[in-house]
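Down below is the structure, laid out as structure tokens.
There are 2 protein chains.
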Amino acid sequence: SSRFLVTRLGEDWIFLVLLGITMALVSWTMDYASAKSLQAYKWIHGELRGNIPLQYLAWVSYPLLFVLFSSLFCHLVSPQAIGSGIPELKTILRGVVLKEYLTVKAFIAKVIGLTAALGSGMPVGKEGPFVHIASICAAVLSRFMSIFSGVYQNPYCYTDILTVGCAVGVGCCFGTPLGGVLFSIEVTSTYFAVRNYWRGYFAATFSAFIFRVLSVFNKDAVTITALFRTNFRMDFPFDLQELPAFHTHILSIGFMAGELMPRECINSLFDNFTWTKISGSPTPVGLGRSAAWVHPDVNVFVILLLFFLMKFWMSAVATTMPIPSGAFMPVFILGAAFGRLVGEIMATLFPHGIVFDSILYRIIPGGYAVIGAAALTGAVTHTVSTAVICFELTGQISHILPMMVAVILANMVAQGLQPSLYDSIIQVKKLPYLPELGFGHMSQYNIFVEDIMVRKVKFVSLQSTYREVKLLLDSSSLKSIPLVDSKGKRVDSLSANPSISFFSVLTHDFSILSPQTHTLFSLLGLSHAYVTSIGKLVGVVALKEVGNFICAGLFKYTQLSEVFAHLSRL
Amino acid sequence: SSRFLVTRLGEDWIFLVLLGITMALVSWTMDYASAKSLQAYKWIHGELRGNIPLQYLAWVSYPLLFVLFSSLFCHLVSPQAIGSGIPELKTILRGVVLKEYLTVKAFIAKVIGLTAALGSGMPVGKEGPFVHIASICAAVLSRFMSIFSGVYQNPYCYTDILTVGCAVGVGCCFGTPLGGVLFSIEVTSTYFAVRNYWRGYFAATFSAFIFRVLSVFNKDAVTITALFRTNFRMDFPFDLQELPAFHTHILSIGFMAGELMPRECINSLFDNFTWTKISGSPTPVGLGRSAAWVHPDVNVFVILLLFFLMKFWMSAVATTMPIPSGAFMPVFILGAAFGRLVGEIMATLFPHGIVFDSILYRIIPGGYAVIGAAALTGAVTHTVSTAVICFELTGQISHILPMMVAVILANMVAQGLQPSLYDSIIQVKKLPYLPELGFGHMSQYNIFVEDIMVRKVKFVSLQSTYREVKLLLDSSSLKSIPLVDSKGKRVDSLSANPSISFFSVLTHDFSILSPQTHTLFSLLGLSHAYVTSIGKLVGVVALKEVGNFICAGLFKYTQLSEVFAHLSRL
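Going down the list, the sequences are from chains S and L. Position in the first sequence (from 1) plus 30 gives the number in the numbering used here. Position in the second sequence (from 1) plus 30 gives the number in the numbering used here.
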């Protein structure tokens with residue numbers, strides 16, 4: 031009997047390990063290729079020094095070519111690969127089938143398109159597309175595994191497989207298994223099955239481990255511990271050891287965004303120096319990449335502010351182009367730049383630190399940059415696990431409380447103002463998604479199922495002829511049709527797919543905004559529910575209507591009459 | 031309209047903040063009182079020096095008195111306060127109503143009983159009872175809040191409130207908001223509603239913040255950053271700064287367990303020294319509390335091994351006594367001791383460190399202790415978030431990958447061998463809980479609802495007389511009775527509680543081990559589901575039978591015939 035269990039678990043482990051290895055290899059290869067492309071970009075720019083028009087032409091056309099290639103490739107191979115993919119996955123995990131989103135074609139288009147986009151030097155993120163890529167990988171792998179085990183054929187397993195895929199996607203993108211799993215839970219799920227928690231950790235840790243080992247192997251990183259290692263100390267604000275000792279020449283502001291790769295950029299924004307103290311004096315040795323930020327004539331504040339503004343509009347452009355692109359990394363960099371700006375201002379205002387309770391606390395602008403990055407990404411995505419990703423990226427957890435407080439405050443403000451980035455995209459794309467039922471939102475109105483149900487239900491009775499049934503099946507695109515007896519009482523459900531013998535019934539006087547209704551629709555993946563009144567079939571409620579209703583209630587209306595006015599317009 | 035939203039959110043925030051403050055105060059007060067009690071214990075022991083029989087009597091009777099008081103107090107005030115409370119909360123969150131578990135009486139009994147138990151010096155944990163205490167606090171607070179807002183009266187909100195309570199409980203117990211929320215999710219939930227994630231973080235962070243500030247205020251801790259601060263460095267194995275410079279005298283082994291408070295014990299097990307190097311030579315200055323572990327005549331290995339064995343049986347005794355006690359902390363200490371033992375052996379085998387890839391890695395036994403603690407607690411509770419709790423306790427996340435790998439490996443082994451600690455207690459106490467449906471366990475057998483349903487269903491028909499209905503209601507303890515029409519078709523559900531108008535129907539040929547069935551029972555909190563065949567009521571399936579069935583399949587049987595043999599014995 032124990033052998034049986036081991037075999038079962040064994041198959042799952044094999045699946046998780048294979049998924050982890052594949053994604054780590056994909057992530058590393060993509061990083062490697064895009065880094066080489068950026069090096070080539072820099073090299074061309076350097077080679078053409080002296081010939082300003084040609085240099086400008088190369089500077090403009092190089093990214094343009096890559097973006098055009100990425101866009102065209104995706105358009106031709108699989109248009110589903112465009113964008114981040116998180117909103118679509120959120121919808122798929124809710125139970126809606128989106129065609130062509132989890133195919134090998136979409137995988138190829140997304141991987142190649144994203145590599146080109148990253149290689150163009152445009153501020154596009156990697157983590158959204160990676161969630162999509164990992165999910166496709168998991169789905170394809172499960173189809174492969176189903177040769178050996180019937181478990182993977184169960185349609186319900188699909189959710190379990192995709193959930194793990196999402197976790198691995200974020201985990202191997204930055205090498206942050208912990209934050210990856212948490213972020214994927216927060217972003218993609220409404221109800222999270224805790225049995226997938228352990229599986230997600232297993233696969234993401236394995237993936238992150240391989241990813242970090244590959245980095246060390248390739249001499250990108252010194253140890254496997256952390257990607258953007260920080261080492262803030264209260265008693266020793268300068269730490270030369272941690273800065274790799276290579277030099278970049280001082281740049282004019284306009285080229286800065288292209289000059290530093292995203293990874294270098296974050297590393298320099300998080301560094302331990304206080305730039306305002308350096309500015310004006312000759313550049314000290316050991317400043318490394320941070321030298322790019324210090325200009326002998328221009329104020330550090332002006333540089334940072336211009337960087338922020340440039341990055342802002344460039345990110346807006348980059349994330350709306352029809353290429354595979356995520357918004358996490360651009361927002362992360364924006365947050366880091368803004369935090370650094372605040373930190374440098376604080377360091378100027380209090381050059382000797384702040385004295386509190388007779389202890390001198392020095393201002394470390396790098397710390398402000400870390401907190402700014404976590405807070406802005408947390409606010410945009412409505413998540414708090416960005417704090418965890420920050421801890422993992424920096425390898426320092428000691429500032430957990432200020433960080434958590436900052437992320438929570440940012441969330442409080444952002445959640446009050448607008449839906450999250452992903453929910454906004456879902457609304458814009460009109461995907462069939464059921465919004466979250468906010469706390470305090472439940473039982474707010476006494477609207478019952480009968481108030482919004484559709485009363486004209488197509489049904490088959492026990493007396494229906496073959497012709498009537500055929501006509502009904504041909505004329506409608508419904509997947510299941512209710513079967514009623516002579517008195518109009520609901521008896522069973524005729525379904526095109528016989529494996530779905532599960533159906534749900536609501537009574538007509540059931541509250542539509544109750545959590546139970548929400549749970550039924552969001553967890554069991556229903557697309558519609560029949561409504562009965564004392565056993566008699568009286569209507570049907572579709573997911574879309576419930577979703578619209580919750581949306582209307584959540585963001586726009588407060589008065590009952592207004593809700594009804596809105597509903598009548600639907 | 032925005033004002034409306036703010037009011038709603040405002041109420042929830044007030045609830046979360048109040049919960050956080052209350053629990054932080056309770057946690058701190060309890061720590062303070064039990065620490066004073068342990069000081070008194072030590073003081074008495076020191077005062078009686080020279081009089082061995084009297085010293086022995088005091089040493090034995092002091093904890094005995096406290097434990098007796100704790101046990102008696104709980105027994106008289108509220109027997110529900112005995113034990114950790116996590117298994118019961120797990121059951122309550124599943125939807126089962128356990129009487130008297132969330133009352134003010136239980137709160138008082140648990141707080142006072144736990145303080146006495148902790149003050150006795152016995153190795154009892156604080157985190158399990160704290161989850162219970164915080165949940166009671168949340169439940170009582172929500173009843174108070176319902177004066178101002180109707181939201182808290184919704185019975186479905188109860189789950190949301192208790193989930194946050196659990197998160198705050200673990201979070202403020204050690205001052206670890208991140209790990210607290212994750213641990214509470216893993217331990218208590220089957221399906222976690224992601225909307226509570228943010229709320230849990232908010233309350234737990236607030237609580238941990240207050241808890242840490244209180245510690246700093248009371249001069250227990252230097253900063254608010256981490257509780258058991260470690261500072262492992264590869265290039266500098268000794269760090270004197272972090273060890274508080276106070277001395278304790280060298281002790282004989284038997285007294286060790288009583289001498290170091292749990293907190294000091296962990297701190298010393300995690301320290302940076304390698305004890306084998308110190309042993310034999312005169313004690314260096316600055317060893318601090320770790321001096322307790324070094325004996326001039328006895329080998330460090332023997333001391334550690336004896337400590338491990340002593341703690342092991344003492345923990346077993348302590349956690350089974352009829353007092354409020356958790357198992358997390360004792361297991362954590364055992365893991366740390368075992369890890370330290372392995373670390374010291376490694377340090378003896380490789381006194382100059384291990385050379386890998388031409389870099390010298392020194393052996394840091396403290397690191398082994400941290401990993402051992404996380405791995406053992408993870409294995410016992412079947413969770414991986416113990417790793418996060420460790421990061422937060424030590425304030426160091428840089429060793430995340432080895433730690434995660436250790437915890438995952440420990441989980442793999444433990445999950446293959448036995449159910450988790452809490453599931454075991456649920457089984458022993460025979461609580462009405464539905465076990466998790468393992469991955470790969472689904473669709474394992476083709477057992478349908480009709481195979482296990484009870485065919486004798488009590489029902490009311492539309493023709494039933496008043497006398498019949500009354501007789502049925504008096505003779506049974508059912509909460510709802512199905513209503514059928516003249517042809518035996520199920521029509522509606524008569525319920526004693528009119529607010530529960532929700533019911534669920536399964537068809538007779540539905541697979542009982544399918545995830546959908548599991549979801550229905552575990553998420554909607556059903557206690558039973560009616561079974562229909564072409565609309566006709568043919569049976570009823572109770573939660574208990576489904577649970578028994580899953581248990582039988584999970585842990586004991588593999589053959590279909592054996593499952594049936596087991597079922598026939600039920």
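Here a beta-carbon is modelled for each residue, glycine too, at the ideal position from N, C-alpha and C. Keep in mind that this is a model prediction, so the values were computed, not measured.
{"Asked": "Where the segment 430 to 462 of chain L meets chain S: residues whose CB sits under 7 Å from a CB there", "Found": "I430, L431, M434, V435, I438, N441 and G446"}
{"Asked": "Proximity winner among S:I430, S:Y231, S:Y398 and S:F368, relative to L:G205 (alpha-carbon distances)", "Found": "S:I430"}
{"Asked": "Distance cut-off 6 Å: S:I353 Cβ against heavy atoms of the ligand FMN", "Found": "Within the structure as shown, the ligand FMN is missing, as the structure has no ligands at all."}
{"Asked": "S:G199 and S:V224 closer than 7 Å at C-beta", "Found": "no"}
{"Asked": "Bridge partner(s) assigned by DSSP for S:V224", "Found": "Answer is none; S:V224 lacks a bridge partner."}
{"Asked": "Three-state secondary structure (DSSP) of S:Q448", "Found": "coil"}
{"Asked": "From L:K135, L:A146, L:A111 and L:L335, residue whose alpha carbon lies closest to that of L:A70", "Found": "L:A146"}
{"Asked": "Beta-carbon neighbours of S:I419, restricted to chain L and to distances below 8 Å", "Found": "Within 8 Å Cβ-Cβ: nothing; S:I419 doesn't reach chain L, min ~11 Å."}
{"Asked": "Local Cβ density within 10 Å of S:P381, reported as buried at 16 or more and exposed below that", "Found": "exposed"}
{"Asked": "Residues sharing a beta bridge with S:G356, DSSP", "Found": "S:G155"}
{"Asked": "For S:G569, three-class secondary structure by DSSP", "Found": "strand"}
{"Asked": "Short CB-CB distance (under 7 Å) between S:T52 and chain L", "Found": "no"}
{"Asked": "L:G151 beta carbon less than 7 Å from that of L:L68", "Found": "yes"}
{"Asked": "Member of S:D42, S:F213 and S:Y131 whose CA lies at the smallest distance from the CA of S:D190", "Found": "S:D42"}
{"Asked": "Cutoff 7 Å: S:I394 Cβ touching any chain L Cβ", "Found": "no"}
{"Asked": "Any C-beta of chain L under 7 Å from that of S:I401", "Found": "no"}
{"Asked": "Close Cβ partners of S:L48 (< 7 Å) along its chain, the five nearest in sequence each way excluded", "Found": "L171"}
{"Asked": "S:F239 at chain L interface by Cβ criterion, 7 Å", "Found": "yes"}
{"Asked": "Chain S contact residues for L:S603, given Cβ-Cβ distances below 7 Å", "Found": "This structure gives no information on residue 603 of chain L, because the portion of chain L shown stretches from 31 to 600."}
{"Asked": "Three-state secondary structure (DSSP) of S:S176", "Found": "coil"}
{"Asked": "Cβ contact (3+ pairs, closer than 8 Å) linking the segment 209 to 223 of chain S and the segment 411 to 418 of chain S", "Found": "yes"}
{"Asked": "Neighbour list for S:S219 in chain L, Cβ cutoff strictly below 7 Å", "Found": "V224"}
{"Asked": "In DSSP terms, what L:A409 is bridged to", "Found": "Paired residues: none, contrary to the question."}
{"Asked": "Proximity test, Cβ basis, 7 Å: L:T235 and chain S", "Found": "yes"}
{"Asked": "S:L601 vs S:T411 beta-carbon contact at 7 Å", "Found": "The question about residue 601 of chain S has no answer here: the residues shown for chain S are numbered 31 through 600."}
{"Asked": "Backbone secondary structure at S:S491 - three-state DSSP", "Found": "strand"}
{"Asked": "Pick from L:P360, L:L123, L:N441 and L:A377 that is closest to L:S165, judged by C-alpha positions", "Found": "L:L123"}
{"Asked": "Host alpha helix (DSSP H) of L:K341 (start-end)", "Found": "V330 to T350"}
{"Asked": "S:Y131 (DSSP reduced to helix, strand or coil)", "Found": "coil"}
{"Asked": "Partners in chain S for L:E422, counting only beta-carbon separations shorter than 9 Å", "Found": "I427 and I430"}
{"Asked": "Proximal residues of chain L, C-beta to C-beta of S:Y227 below 8 Å", "Found": "I215, E216 and V414"}
{"Asked": "3 or more residues per run - each beta strand (DSSP E) lying fully within the segment 62 to 120 of chain S", "Found": "none"}
{"Asked": "Beta-carbon gap between S:T218 and S:L119 smaller than 7 Å", "Found": "yes"}
{"Asked": "L:E374 versus L:V127, L:G149, L:K500 and L:A399, residue with shortest Cα-Cα distance", "Found": "L:A399"}
{"Asked": "Beta-carbon gap between L:S108 and L:A139 smaller than 7 Å", "Found": "yes"}
{"Asked": "Under 7 Å by beta carbon: chain S residues contacting L:F232", "Found": "I438"}
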